[in-house]
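Residues 1 to 143, numbered by full-length UniProt numbering, are exactly what the sequence shown covers, in order. Don't be surprised by glycine CBs; every beta carbon is placed ideally from N, CA and C.
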Amino acid sequence: VSPGHHFVPGVPPLSPAVPRFCWRHLMQEFSPRFRVVALDLRGCGDSEKPPGRDSYRLELLLGDICEVIEALGTPAGTPRCVLVGHDWGGVLAWEVASSHPQLVEKLVVMDAPQRGVMAGILGDTEGTGDISDIGDIGDSGGH
Numbered sequence: 001v002s003p004g005h006h007f008v009p010g011v012p013p014l015s016p017a018v019p020r021f022c023w024r025h026l027m028q029e030f031s032p033r034f035r036v037v038a039l040d041l042r043g044c045g046d047s048e049k050p051p052g053r054d055s056y057r058l059e060l061l062l063g064d065i066c067e068v069i070e071a072l073g074t075p076a077g078t079p080r081c082v083l084v085g086h087d088w089g090g091v092l093a094w095e096v097a098s099s100h101p102q103l104v105e106k107l108v109v110m111d112a113p114q115r116g117v118m119a120g121i122l123g124d125t126e127g128t129g130d131i132s133d134i135g136d137i138g139d140s141g142g143h
């Protein structure tokens with residue numbers, strides 16, 4: 001893997017398993033060999049918090065991530081990265097890699113299923129359910 005890749009941790013900012021401050025250790029570890037970038041996605045951390053649910057549609061969140069990858073590029077001038085995501089950031093990382101494979105050289109996902117798998121868990125056999133339905137998983141009757 002060559003320098004110029006981006007590290008995109010997930011949200012929420014204070015996950016019980018991996019608090020936001022823990023990412024700094026991974027960033028320090030990888031920064032001597034790679035360009036490392038951690039995003040505060042819209043609505044999280046120090047990023048803008050636009051009002052309304054429509055401001056957080058999946059395609060907008062994916063667009064935000066893709067814009068950063070494209071803007072940063074790589075030393076060779078190609079916008080490809082090693083994309084890393086955890087939890088909600090992992091869900092988004094799966095989607096970026098799937099919908100924009102030209103931007104992702106490698107994908108690392110922790111603690112997040114691919115959307116089709118999650119759709120099956122939620123009973124959405126078409127895989128088209130609103131991502132906000134994920135909150136209903138606790139009502140699945142223990143399945």
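So which of Val108, Pro101, Gly73 and Arg80 has the shortest CA-CA distance to His86? Val108
Should Glu95 go down as buried or exposed, given a rule of 16 or more other Cβ atoms within 10 Å for buried? buried
CB-CB under 6 Å to Lys106, same chain, minus the five flanking residues each way: which ones, in chain order? Val82
Limits of the unbroken beta strand (DSSP E) element including His86: For His86, the uninterrupted beta strand (DSSP E) run begins and ends at Cys81 to His86, by DSSP.
For Ala112, tell me which candidate among His100, Gln102 and Trp88 has the shortest Cα-Cα distance. Out of His100, Gln102 and Trp88, Trp88 has the C-alpha closest to the C-alpha of Ala112.
Collapsed DSSP secondary structure at Leu39 in the structure displayed: coil
For Gly43, which option in His25, Asp64 and Met27 has the closest C-alpha, if you only look at C-alpha atoms? The shortest Cα separation from Gly43 among His25, Asp64 and Met27 belongs to Asp64.
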